[in-house]
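> Take a look at this one; I'll ask things after.
In my numbering, the protein residues as written are 46 to 418.
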């Protein structure tokens, strides 16, 4: 089984390479000598955050940090060929270590057809409205980020990717002191545009090339737009050990309505995951809790300043038997003094609701700064 699956993957990689070779030959035959070297463009994003602990109940006042640095280097060789490399530093500290985060080469035949090969990342059904879970590297109703080293074909809204797992998406088998990766990943999605509406069905299959060791993510990500009203909906199916009775599949539902009337706006998120009590399918932090509701009415003071009133109910657990729910309310202030710079400050009361959530209402503050270049 392992040999057959590996052979299929290598055959897929070879097929895409064969498709790209004629295009490369055509380019070489018809291209005029380059007048200058490749065009190089730098871009990225930096975020640095600071948070307090509970300023009411903690015996010792404390604080914590989070820092993120993303640097992208894009190289354009000509109208058809380009490449990109990314560096990343991310952690709950003031000095995270920067590491290589991937590189790929892209051939663009037209605005409808392109081929990439190298280090690729796929994610589906991200949380768009709720600020606490909006990083698809960690959380998603459809599928958190899967990293591969392989190939991707984009054709008229169809996305097909296949490759070997890399980073946290890989799985290794170790014999004595030698470890080798065994996981591979296949991703398929189709983005259908209907006016201002976008529907994106997707499926992702990951195999460890062993019986009972595989996972499947599938579902639909829909973005609907009606003038000032928008609605984001995600259904995500999460399955481990296909064709086996256990563990049981997890079904995730996310609904995110929003209304933008200029000076006044409202955004909300409602999430529910049907998780089996005894044998659940759970992938790390991908699904953060089985149920939460978030709503935030906001007002725009001027072009640079806005205020929001977040109202949140969280179960804070994946187990329905745990009664650890809380109600959170506070104030969020948003400042965008110039394009590319966002500063968010907040104060939040954390009010216990469940019997196991404690007795004391907490209060915390935070300041988040993000700038892009």
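All C-beta atoms in this analysis are idealised placements derived from N, C-alpha and C, irrespective of residue type, glycine included. Because the structure is a prediction, the values reported are computed rather than measured.
1. Under the rule that 16 or more other beta-carbon atoms within 10 Å means buried, what is residue 149, buried or exposed?
2. In three-state DSSP terms, what is residue 145?
3. Would you check if the distance between the CB atom of residue 319 and the CB atom of residue 297 is smaller than 9 Å?
4. Comparing alpha-carbon positions, which option in 106, 87, 295 lies nearest residue 364?
5. Using the C-alpha atoms, what's the distance from residue 230 back to residue 66?
6. Is it the case that the segment 142-162 contacts the segment 172-182, given that we only count it when at least three CB pairs across the two stretches are under 8 Å?
7. Quick check: the Cα distance between residue 108 and residue 95, rounded to an integer number of angstroms?
8. Locate the beta strand (DSSP E) running through residue 232, then write down its first and last residues.
9. Below 6 Å CB to CB, which residues in the same chain sit around residue 286 once its five sequence neighbours on both sides are set aside?
10. Would residue 154 pass as a contact of residue 125 if the rule is Cβ separation under 9 Å?
11. What does a CB cutoff of less than 7 Å around residue 361 pick up in its chain, not counting 5 residues either side in sequence?
12. Exposed or buried, residue 46, counting other C-beta atoms within 10 Å across all chains shown (16 or more means buried)?
13. Quick one: Cα of residue 106 to Cα of residue 339, how far?
14. Relative to the C-alpha of residue 321, which candidate in 282, 185, 353 has its C-alpha closest?
15. Consult DSSP for residue 170 and reduce its assignment to one of helix, strand or coil.
16. In the DSSP assignment, find the unbroken beta strand (DSSP E) run with residue 246 in it and report its ends.
17. Can you tell me where the beta strand (DSSP E) with residue 418 in it begins and where it stops?
18. Taking the beta strand (DSSP E) that residue 312 falls in, what are its first and last residues?
19. So the candidates are 300, 144, 111; which of them puts its Cα closest to the Cα of residue 411?
20. DSSP has residue 175 in a bridge; who is on the other side?
21. Please name the residue or residues paired with residue 207 in a DSSP beta bridge.
22. Would you identify the three-state DSSP class for residue 213, choosing helix, strand or coil?
23. Does DSSP put residue 180 in a helix, in a strand, or in coil?
24. If I'm right that residue 212 touches residue 195 with Cβ under 8 Å, what's the distance once you round it to whole angstroms?
25. Going by the CB atoms, is the gap between residue 145 and residue 165 shorter than 9 Å?
26. Report the residue from 179, 134, 151, 187 whose alpha carbon sits nearest the alpha carbon of residue 280.
27. Which residue from 293, 270, 347 puts its Cα closest to that of residue 324?
28. Do residue 337 and residue 315 come within 9 Å of each other at the CB atom, strictly closer than that value?
29. List the whole-angstrom C-beta distance separating residue 169 from residue 262, where the pair is believed to meet the contact cut-off of C-beta under 8 Å.
30. Since residue 345 and residue 308 should fall inside the 8 Å C-beta cutoff, what is the C-beta to C-beta distance between them, to a whole number of angstroms?
31. Note down, in chain order, each residue of its chain lying with its Cβ closer than 8 Å to the Cβ of residue 404, except the 5 sequence neighbours on either side.
Once the coordinates are examined:
1. Locating residue 149 in the chain shown gives position 104, counting from the first residue. Looking at its Cβ environment, which holds 16 or more other Cβ atoms inside 10 Å, residue 149 is buried.
2. Residue 145 sits at position 100 when you count from the first residue of the chain shown. Strand at residue 145.
3. Taking the chain shown and counting its residues from 1, the one referred to as residue 319 is at position 274. Taking the chain shown and counting its residues from 1, the one referred to as residue 297 is at position 252. Result yes, Cβ atoms of residue 319 and residue 297 sit closer than 9 Å.
4. The residue you call residue 364 lines up with position 319 of the chain shown. Taking only the C-alpha atoms, the option nearest residue 364 is 295.
5. In the chain shown, residue 66 corresponds to position 21, counting from 1. In the chain shown, residue 230 corresponds to position 185, counting from 1. At residue 66, the pLDDT of 47 sits below 50, so the modelled position is not reliable and the matter cannot be decided from this model.
6. Because the criterion of three Cβ pairs below 8 Å is not met, the segment 172-182 and the segment 142-162 do not touch.
7. Along the chain shown, read from residue 1 onward, the residue named residue 108 stands at position 63. Along the chain shown, read from residue 1 onward, the residue named residue 95 stands at position 50. Near 7 Å, if we compare the C-alpha coordinates of residue 95 and residue 108.
8. For this step, residue 232 is matched to residue 187 along the chain shown. Note, residue 232: beta strand (DSSP E), 229-235.
9. For the purposes of this step, residue 286 is taken as the residue at position 241 of the chain shown. Excluding positions up to five away in sequence, the list reads 257.
10. Locating residue 154 in the chain shown gives position 109, where the first residue counts as 1. Locating residue 125 in the chain shown gives position 80, where the first residue counts as 1. Yes, the Cβ-Cβ distance between residue 154 and residue 125 is below 9 Å.
11. Position 316 of the chain shown, counted from the start, is the residue given in the question as residue 361. Leaving aside the five residues that flank residue 361 on each side, the residues in its chain whose CB is nearer than 7 Å to its CB run, in chain order, 334, 369, 370, 371.
12. Translated into positions along the chain shown, residue 46 becomes position 1. Caution applies to residue 46, whose pLDDT of 44 falls short of 50 and renders its modelled position unreliable; the value that the coordinates give is listed next. Per the 10 Å Cβ criterion, exposed.
13. Within the chain shown, the letter at position 61 stands for residue 106. Within the chain shown, the letter at position 294 stands for residue 339. Residue 106 and residue 339 have their C-alpha atoms spaced approximately 28 Å apart.
14. Mapped onto the chain shown, residue 321 falls at position 276. Nearest C-alpha to residue 321: 282.
15. The count along the chain shown starts at 1 and reaches residue 170 at position 125. Of the three classes helix, strand and coil, the one that applies to residue 170 here is coil, per DSSP.
16. Residue numbering aside, residue 246 sits at position 201 when the chain shown is read from its first letter. Note, residue 246: beta strand (DSSP E), 242-255.
17. As a position in the chain shown, residue 418 is number 373, starting the count at 1. DSSP places residue 418 in no beta strand (DSSP E); its state is neither H nor E.
18. Counting from one through the chain shown, the residue named residue 312 turns up at place 267. Looking at the DSSP string, the run of the beta strand (DSSP E) that includes residue 312 is 309-319.
19. Stepping through the chain shown from its first residue, residue 411 is reached at position 366. Nearest C-alpha to residue 411: 111.
20. The sequence position of residue 175 within the chain shown is 130, counting from 1. According to DSSP, residue 175 bridges with nothing at all.
21. For the purposes of this step, residue 207 is taken as residue 162 along the chain shown, with counting starting at 1. BP columns for residue 207 point to 196, 231.
22. Here residue 213 refers to the residue found at position 168 when the chain shown is read from its first residue. Reduced to three states, the DSSP call for residue 213 is helix.
23. One-based indexing of the chain shown puts residue 180 at position 135. Residue state, collapsed to three classes: coil.
24. As a position in the chain shown, residue 212 is number 167, starting the count at 1. As a position in the chain shown, residue 195 is number 150, starting the count at 1. The distance from the Cβ of residue 212 to that of residue 195 is about 13 Å, inconsistent with a contact at the 8 Å cut-off.
25. Residue numbering aside, residue 165 sits at position 120 when the chain shown is read from its first letter. Residue numbering aside, residue 145 sits at position 100 when the chain shown is read from its first letter. If you check the CB distance, residue 165 and residue 145 do not come in under 9 Å.
26. If you number the chain shown from 1, residue 280 lands on position 235. Out of 179, 134, 151, 187, 187 has the C-alpha closest to the C-alpha of residue 280.
27. Numbered from its first residue, the chain shown carries residue 324 at position 279. The shortest C-alpha separation from residue 324 is found at 293.
28. Within the chain shown, numbered from 1, the residue matching residue 315 stands at position 270. Within the chain shown, numbered from 1, the residue matching residue 337 stands at position 292. In contact: residue 315 and residue 337 (Cβ atoms closer than 9 Å).
29. Numbered from its first residue, the chain shown carries residue 169 at position 124. Numbered from its first residue, the chain shown carries residue 262 at position 217. Yes, they are in contact, since the Cβ atoms of residue 169 and residue 262 sit about 7 Å apart, within 8 Å.
30. Residue numbering aside, residue 345 sits at position 300 when the chain shown is read from its first letter. Residue numbering aside, residue 308 sits at position 263 when the chain shown is read from its first letter. Here residue 345 really is in contact with residue 308; their C-beta atoms are around 5 Å apart, less than 8 Å.
31. Residue 404 sits at position 359 when you count from the first residue of the chain shown. If we look at residue 404 and ignore the five residues flanking it on each side, its Cβ neighbours are 397.
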